[in-house]
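All remarks here apply to the structure that follows.
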Amino acid sequence: MTTKKNSDRNLKLFNFPSDGKSSKNILSKGLLITFEGGEGSGKSTQCKRLVKKLVDEGINSILIHEPGNTMLGEQVRKWVKSKNIQNPLAETYLFCAARAELCKSVIGPALDKGVTVIVDRFIHSTLAYQGYGKGVDLELINNLNKITIEDYKPDLTILLDIDPNISSNRINKSVNIELSSLEKSKKNKRENFEGNRFENMNINFHNKVRNGYLEMANSDRSSWSIVGAQQSEARVADSIWKRVKRLIETHKIT
């Protein structure tokens with residue numbers, strides 16, 4: 002059970018006013034904006050850019066990632082990134098458990114305080130990866146998602162879409178740069194770095210994930226925004242901001 006004390010402790014990790022408001026906050030409510038996309042799509046970078054832009058515009062905002070930002074979430078992240086969990090259904094339940102805790106102890110309290118929450122991966126990641134990618138029943142995942150998020154449905158989901166062949170080149174460059182910085186004596190660390198990521202799945206898997214994302218996005222264009230992630234970082238950020246700005250306009254304090 003998540004107590005109010007635990008929720009307050011989790012929220013102290015983020016530096017926004019205790020009442021969730023500031024003298025220049027312009028929104029009538031906190032918004033929930035989620036980022037989705039395949040590996041190497043640049044989600045983490047764009048999440049950070051958006052939060053900075055929102056804060057600059059006078060909107061109290063925080064960035065969280067899935068799984069993470071709670072003790073359970075961080076443990077699930079470690080488990081899933083290891084090679085110890087081979088069953089996609091087990092992955093699904095772990096992600097949903099972490100998500101339930103995140104919604105109860107972080108996302109919900111933040112939104113209740115008027116804070117806009119940016120989430121790096123949310124419910125649609127489980128559908129894309131464990132559902133479309135690994136074959137877990139989509140109806141089961143949808144039902145679990147409904148239970149775990151309760152009423153915290155995203156106001157907007159931004160899909161950073163990119164061809165897996167292009168994103169794999171990005172990943173390889175990033176991995177090579179990071180691996181080259183490791184000392185040769187840290188062989189085990191190198192092996193762990195190379196062996197515990199979803200990026201290591203084959204191209205067929207990543208195509209399934211991408212197609213799943215596009216199917217979900219195209220079936221609900223009112224709450225999704227598809228952005229071509231092969232563009233420059235700045236152009237992607239501009240496209241995202243144009244869509245987010247339209248959402249903001251509908252929730253401004255008048």
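All residue numbers for the sequence shown refer to the numbering used here, where the first residue is 2 and numbers rise by one. Positions of the beta carbon are idealized from the N, C-alpha and C atoms, including for glycine. Just so you know, these numbers come straight off a predicted model, no measurement behind them.
Problem - Residue from Thr117, Thr149, Leu128, Tyr94 with nearest C-alpha to Leu139 - result: Leu128
Handout entry: Identity of the residues DSSP links to Trp225 by a beta bridge
Key = Thr158
Exercise for the section: Determine the extent of the alpha helix (DSSP H) in which Thr127 is found, giving its start and end residues. Expected result: 124 to 127
Exercise for the section: Can you tell me the Cβ-Cβ gap for Gly39 and Pro165, rounded? I've got them flagged as a contact below 8 Å. Expected result: 6 Å
Problem - For Glu234: DSSP bridge partner residues - result: Answer is none; Glu234 lacks a bridge partner.
Handout entry: Among Arg100, Leu157, Ser169, Ser240, nearest to Glu151 - alpha-carbon criterion
Key = Nearest C-alpha to Glu151: Arg100.
Handout entry: Completely contained alpha helix (DSSP H) runs for the stretch 45 to 131, where each covers 4 or more residues
Key = 72 to 82, 89 to 103, 109 to 113, 124 to 127
Practice task
State yes or no: is the C-beta of Leu161 within less than 8 Å of the C-beta of Lys44?
Solution key: yes
Problem - Classification of Ile119 by the beta-carbon crowding that lies within 10 angstroms, buried from 16 upward - result: buried
Practice task
Please name the residue, chosen from Ser42, Gly59, Val56, Phe36, that lies closest to Cys48 on a Cα-to-Cα basis.
Solution key: Phe36
Practice task
In angstroms with no decimal places, state the Cα-to-Cα distance between Trp80 and Glu67.
Solution key: 13 Å
Practice task
Name the residue from Val245, Gly74, Glu216 whose alpha carbon lies nearest to the alpha carbon of Ala98.
Solution key: Gly74
Problem - DSSP-derived helix/strand/coil call for Arg191 - result: Note that Arg191 has pLDDT 39, beneath the 50 cutoff, so the model's placement of it is unreliable and no number is given.
Problem - Endpoints, the beta strand (DSSP E) within which Thr35 is located - result: Run containing Thr35: 33 to 38, per the beta strand (DSSP E) assignment.
Handout entry: DSSP-derived helix/strand/coil call for Lys253
Key = strand
Practice task
Tell me whether Leu180 sits in a helix, a strand or coil according to DSSP, three-state version.
Solution key: Note that Leu180 has pLDDT 45, beneath the 50 cutoff, so the model's placement of it is unreliable and no number is given.
Handout entry: Length of the line joining the Cα atoms of Val1 and Asn212
Key = The shown model of the chain, from 2 to 255, leaves out residue 1, and the question about it has no answer.
Problem - Chain-order list of residues whose beta-carbon lies under 6 Å from that of Ile163 (same chain, five-residue window excluded) - result: Ser42, Ala230, Gln231
Handout entry: Local Cβ density within 10 Å of Gly115, reported as buried at 16 or more and exposed below that
Key = buried
Exercise for the section: Counting only the same chain and skipping the five closest in sequence on each side, list residues whose C-beta sits under 8 Å from that of Val56. Expected result: Ser62
Exercise for the section: With a cut-off of 8 Å on the beta carbons, I'd call Ile241 and Ile159 a contact; round off their distance for me. Expected result: Going by Cβ atoms, the distance from Ile241 to Ile159 rounds to 6 Å, so yes, they are a contact pair.
Problem - Alpha carbon of Phe96 to alpha carbon of Lys209, nearest angstrom - result: 19 Å
Problem - Host alpha helix (DSSP H) of Met202 (start-end) - result: Run containing Met202: none; DSSP gives neither H nor E here.
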